[in-house]
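Everything below concerns the one structure shown next.
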Ligand SMILES: Cc1cc2nc3c(=O)[nH]c(=O)nc-3n(C[C@H](O)[C@H](O)[C@H](O)COP(=O)(O)OP(=O)(O)OC[C@H]3O[C@@H](n4cnc5c(N)ncnc54)[C@H](O)[C@@H]3O)c2cc1C
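Chains as they are written, first to last, in the working numbering: chain G, 396 to 679; chain S, 348 to 1139.
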């Protein structure tokens, strides 16, 4: 757990960070809260030549109300996502999900942007972001661009953010009128998800009119359970209807097998937990 | 907890706050890694990433040329040098192994040492590891114990011709075959007591340095056993023992993992001597998980025979015990420490015990909290529950029917141990009272009847254990190389303050406080005036260290005798000064007074000064005041207790939740109930860890899959309920203070309580066993197997 040598640049603005990345070349790394990068360095899983520290860049640490959406800076901590009143009011799925991440100390250091950019298949916040159809604002040498959640998450630990780019903010559509729940299944209180299910459900007059369901750790990246979403729409908000719709939750997923769960058990869990997440979100 | 007890009682029995904690919790500590000596060189180890391979070539030239590197050593530099040793050759025909300090031509587990870099900084030493080029010829990895014993299996040690390390068959009592023949019911089960990784908060760390007198090497090391280590280092390295000093500074937990001699310690000493400079190494957590010895790892085939009325007649126990790749300090003896405990608290006529130790290409196993007894207790408490189910009897009723009744003590068990005292009835009654058994059974019935997805189960463990090893003669008879005694010296300093030198070596247990309490009562000096000295062969030369719940059980006896000797010497001086004969002197709470004339008195502090001055001592009495004792225990120590667990099992997800846990322990007289409480809580967490969370897993190539704390899960406070604990007190009659060991009880008792509860929750669904850890995956598999017709 002893990292190899690297150069260190402390950026004070996003532009400075991008410039430093361009100057350092391919194997530079951005440092957000360090809660995933430092373990990577200490285990020598990656030996970047330069670390560009953005942890004190002020412009990426704010939460802005844009009317129909919230713009959450990439440097906002997981703890802030869990407790910020704006997020709790308009994107409760996100704040609930943030609450389940790691432990308090890690939540105070780790960032929303870092969690999304790291794109661990077991990460919780990426799943909530996928369920909410968030947009990702990325800054690079050529300026800024916006990428949808569907395009942002590419593969295991791989996103649309290029080597010379910085994730600046995440735009979260307000989901007023939706019930929300994140069902995280893990073995110890502070462990990563074996499977997680994020659900945002709109119920009007006892009928489910819209449902967003996304799965954690059921493949290389967050997966939208589109068949469940489709099956739920128009159904009565009852336990039986939800259970029936949830039975297709694992369809088309490619979960891995590891010491905690094999692929077959993960698929089983996805079905059970999707039923529970949707039922809770729908208030059933 | 505050000190609310009667002022007139002594220090023993008071829940005094631990003296050592203010220093420990404020970080004012002296961990080995904090030691900074000028000119220190750092070690880094190149470890095998392959479980079994021949080393065909090593090129260290690039590493040697790297910045800061002083030297790179390989096995060729230390031909034939052992890095560890086994002091317990359990049978005459045991197949011993040579554990090289650095592998010479073959690696035998992932983590085995291939080379060591010495550099001026630890970062540079680690960097240089990447520059060492090793060619391997991969050999088949032996991972599975049964496959290892099969005809034609590849061999871990090809020169030995077998993977069988030893087989120890021991029939106890009458013939098991006979009792089985007359039994109405015979139940057999295979239990897997999985491999565990001791997870100490402080990883291993060493500093070895030429210090002080010519030729002396001091080794600071995060160890439980400085005294044992010094002897073994002398034997293994050939360095004269008088030139070796071993210091265990503050040590952050051990759990058996630091009851060892490790190759890293041997190398540090050898290289400090060779290079004439301090050598330092602190392991990373990854190294710790891979190469601190592992624990448990047994396949247990258990059979129990009984009458249809539930009278237990006998048991047969057939174990396969995974040794790992090499034997370390007590690797083969660890499973045999459980040999005497398979009958638990039950009367029976016969018990057949067989254990076969097996070599595999995995990290060596050795003692881990409880060492052998948790395995035995798990097996007997699990099989008794299975027998109850088979008989349709309440599991507690079955236990009551078969356990040793309090009036039957001292009782000689089928294995031939004599339990001095115990009261299983009292502990069980108290536990049942605290648990609310009837309400929970009623809730269980409702959940079953309504088909609730979350089922409730009740787990029972009525355990005893043997600790405080042991009369030295007994250990000799068991082929253990050393004895079981303990030493204490109590010195009165001229100012009346006390130094208590103990041979026990605490690493978190609170000996400084508890030993002061004992001495305070014996010599009548306040607890705060007593300094406890330990963990340094230079300052406390004699000792057998700390493990196996022996420190109070054995070391406490030495404190008592040493204190009494000091008091007796002081009595001679007091009598002389008060001009009466020693028989006319009364000693009470530090004051010597003349019988019938209490005004004529002096204190132990005054006598300490008089003994220092030596101006006026009786003839034949030497100056200075101290007492010294080396005590061999009369017998093992047999704590016991009743533990009850309420377990919820989510039958849809397999998730197990511990809802309520009651532990009523009996460790005889409690010197400090708060310290007892702490030992119980920590032990419970570890035993529950085995039952619910922990388990080292290897793939078929011998790679450790649970090589980080993300995959090897240990419970934290957030995962455990508030334990409900209490104690009954049945004093020991073989310990002069009436105490029994408590260090391992929680870890021994809790594992079967949890698993019995999990099985009880889903037995009606056709399940009669769940593999440990009772993870969601394992519960799901057990339910699925039951659903498909066959219980596991
Ligand atoms: C013990 C432990 C338990 C954990 N448990 C969980 C859990 O249960 N659930 C969970 O979701 N997470 C968990 N985490 C991860 C934690 O949430 C991390 O904080 C998060 O994954 C990364 O955020 P960070 O700000 O710390 O990023 P860093 O560690 O700083 O960076 C992570 C990666 O993202 C890149 N990066 C960071 N910020 C940016 C940016 N703005 N633009 C471009 N690239 C960037 C870095 O270069 C790096 O590659 C755990 C971590 C630990 C140590």
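A virtual CB, placed ideally from N, CA and C, is assigned to each residue, including glycine.
Predicted model, so just to flag it, every value in this text is computed and none were measured.
The straight-line gap separating the alpha-carbon atoms of residue 576 of chain G and residue 569 of chain G is approximately 15 angstroms. By the Cβ-count criterion, residue 510 of chain G is buried, with 16 or more other Cβ atoms from all chains shown falling within 10 Å of its own Cβ.
The distance from the Cβ of residue 1096 of chain S to that of residue 724 of chain S is about 7 angstroms, consistent with a contact at the 8 angstroms cut-off. Across the structure, residue 560 of chain G and residue 520 of chain G are spaced so that their CA atoms are roughly 20 angstroms apart. Taking residue 502 of chain G as the centre and dropping the five residues before and after it, the same chain places the C-beta of 473, 474, 496 closer than 6 angstroms to its C-beta, in chain order. Excluding five sequence positions before and after residue 377 of chain S, the CB atoms of its chain that fall closer than 8 angstroms to its own CB belong to 596, 597, given in chain order. One finds 580, 582, 589, 655, 656, 660, 664 in chain G with Cβ atoms closer than 9 angstroms to the Cβ of residue 1123 of chain S, taken in chain order.
Proximity of residue 1053 of chain S to chain G, defined by a Cβ-Cβ separation below 8 angstroms, is satisfied. Under the Cβ criterion (8 angstroms, minimum of three pairs), the region 693 to 710 of chain S counts as touching the region 502 to 522 of chain S. Note on residue 867 of chain S: 16 or more other CB atoms within 10 angstroms of its CB, so buried under the neighbour-count rule. The Cβ neighbour count for residue 1012 of chain S, taken over all protein chains shown within 10 Å, is at least 16; the residue is labelled buried. DSSP places residue 623 of chain G inside the alpha helix (DSSP H), whose first and last residues are 621 to 627. One finds 582, 583 in chain G with Cβ atoms closer than 8 angstroms to the Cβ of residue 1040 of chain S, taken in chain order. Judged by the Cβ position, residue 593 of chain G fails to qualify as a neighbour of ligand 1 at the 7 angstroms threshold, every heavy atom of the ligand being at least this far.
By the neighbour-count criterion, in which 16 or more other beta carbons inside 10 Å mark a residue as buried, residue 771 of chain S falls on the buried side. Contact annotation, residue 708 of chain S with residue 860 of chain S: C-beta distance approximately 44 angstroms; criterion of less than 8 angstroms not satisfied. Scanning chain G for C-beta atoms nearer than 8 angstroms to the C-beta of residue 999 of chain S yields 667, reported in chain order. Excluding sequence positions up to five before and after residue 1059 of chain S, its CB lies within less than 6 angstroms of the CB of 544, 1053, all in the same chain and listed in chain order. Put simply, the region 660 to 672 of chain G touches the region 592 to 601 of chain G. At least three CB pairs are less than 8 angstroms apart. Take residue 953 of chain S, set aside five residues on each side of it, and the residues of its chain with a beta-carbon closer than 8 angstroms to its own are 843, in chain order. C-alpha of residue 637 of chain G to C-alpha of residue 674 of chain G: approximately 7 angstroms in a straight line. Beta-bridge partners assigned by DSSP to residue 591 of chain S: S:564. A Cβ-Cβ separation of about 35 angstroms leaves residue 679 of chain S out of contact with residue 1016 of chain S under the 8 angstroms criterion. Listed along the chain, the chain S residues whose CB falls inside 9 angstroms of the CB of residue 399 of chain G are 470, 473, 474, 477. In summary, residue 1104 of chain S is buried, with 16 or more beta-carbon neighbours lying within 10 Å of its beta-carbon over all protein chains present. For chain S, none of the residues of the region 519 to 547 of chain G brings a beta carbon within less than 9 angstroms of one of its beta carbons.
Neighbours of residue 586 of chain G in chain S, taken as residues at a C-beta separation under 9 angstroms, are given in chain order as 1057, 1060. The alpha carbon of residue 455 of chain S has as its nearest neighbour, out of S:414, S:510, S:433, S:411, the alpha carbon of S:510. Within chain G, the C-beta atoms nearer than 8 angstroms to that of residue 1127 of chain S come from 660, 663, in chain order. Contact of residue 1044 of chain S with chain G is assigned, a C-beta pair being separated by under 8 angstroms.
Relative to ligand 1, the nearest heavy atom lies less than 7 angstroms away from the CB of residue 585 of chain G.
The beta strand (DSSP E) runs of length 3 or more contained entirely in the region 425 to 488 of chain S are, from start to end of the chain, 460 to 466, 480 to 485. Residue 862 of chain S sits in a helix when the DSSP states are folded into three classes. Listed in chain order, the non-local C-beta contacts of residue 535 of chain S below 6 angstroms within the same chain comprise 650, local neighbours out to five positions each way being set aside. Distance from the CA atom of residue 362 of chain S to the CA atom of residue 1022 of chain S, rounded to whole angstroms, is 7 angstroms. When S:841, S:676, S:666 are compared, the shortest CA-CA separation from residue 686 of chain S is found for S:666.
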